[in-house]
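Below: one structure, written as structure tokens.
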Amino acid sequence: MVINSKIFIYSLDKTTYMKTSLLLAYLTFTLNVFAQESNTIGSIFPDMEAEDLSDNTYMLPDDVKGKYSIIGLAYNKKSADKIPEWIVPVYQKFIAEPQGLQIGYDVNVHFVYMFSGMTIALKDVAKAKMASEMDEVLKPHTLFETGNLKSYQKILDMMDRKDTPYFFILDPEGKILWATRGTCKESKINKLASYIDEGM
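Just so you know, we're using full-length UniProt numbering here: the sequence shown kicks off at 1 and counts up by one.
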């Protein structure tokens, strides 16, 4: 039986309509919350070779083992353009020297810019631009990667949204404790911190 949704909705009395609307809003919110959870949680972060602004090779997760780590990945211009909105909150919370009653965190933090296909030719240009314009305190936290992007997209559950950065919190052994994507929010920063606080 085919139901005309407009006739169905308008045939409901006001109370039932409101209840239905609230239920749909709740389900939408719930689905959005679940959508933030990643299938990678509980797995080991995949081997990733990157380089810093001085062309030194960096191996993830091996070179970050021993401490909790926050890894941010951006693999196209749109997602890279959104990394800066994460940098200040992440820097203030996890990198800057603590002030007052603020808790100090001893964690690895890396923002990784990924290049593939035709964009690999732009990597050196991007590196040179960042090296000349970036604040010195952020340079040690910036990496560049040119590996098999499709493989990382699949392994790290980064297929759904290509216009947003992805962030992962790793335990000292390189296991992914939590992952998120999209706009930086205070709740996400606090969630990252909560996993570190639990292990301190």
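Note that beta-carbon positions come from the ideal geometry of N, C-alpha and C, so glycine has one too.
Pairwise C-alpha distance: residue j and residue i
i, j, result
"residue 119", "residue 193", "33 angstroms"
"residue 48", "residue 149", "10 angstroms"
"residue 89", "residue 137", "14 angstroms"
"residue 51", "residue 122", "15 angstroms"
"residue 33", "residue 180", "In this prediction, residue 33 scores a pLDDT of 38, lower than 50, which makes its location untrustworthy; no coordinate-derived value is stated."
"residue 107", "residue 169", "10 angstroms"
"residue 36", "residue 42", "For residue 36, the predicted structure reports a pLDDT of 49, less than 50, and the residue's modelled location is therefore unreliable. The matter cannot be settled from this model."
"residue 11", "residue 200", "Because residue 11 carries a pLDDT of 39, less than 50, the predicted location of this residue cannot be relied on, and the following value inherits that uncertainty. Spanning the two alpha carbons is a distance of roughly 57 angstroms."
"residue 128", "residue 187", "34 angstroms"
"residue 92", "residue 142", "16 angstroms"
"residue 103", "residue 198", "13 angstroms"
"residue 80", "residue 153", "15 angstroms"
"residue 135", "residue 97", "16 angstroms"
"residue 191", "residue 185", "10 angstroms"
"residue 55", "residue 133", "17 angstroms"
"residue 189", "residue 84", "14 angstroms"
"residue 130", "residue 39", "32 angstroms"
"residue 124", "residue 95", "26 angstroms"
Sheet register partners of residue i (DSSP bridge)
i, result
"residue 146", "DSSP, once it has assigned bridges, lists no residue as partnering residue 146."
"residue 44", "175"
"residue 111", "72, 142"
"residue 50", "58, 145"
"residue 170", "69, 176"
"residue 181", "166"
CB-CB length for residue i against residue j, believed under 8 angstroms
i, j, result
"residue 72", "residue 111", "5 angstroms"
"residue 144", "residue 115", "7 angstroms"
"residue 172", "residue 65", "6 angstroms"
"residue 155", "residue 46", "5 angstroms"
"residue 164", "residue 147", "Residue 164 to residue 147, Cβ: 20 angstroms. No contact."
heavy atom of the ligand MG below 6 angstroms from residue i C-beta
i, result
"residue 99", "This structure simply doesn't include the ligand MG, nor any ligand for that matter."
message = Closer than 8 angstroms is the cut-off here; do at least three beta carbon pairs connect the region 148-162 with the region 57-72?
response = Look at the beta carbons and you see the region 148-162 not touching the region 57-72: under three pairs across the two are nearer than 8 angstroms.
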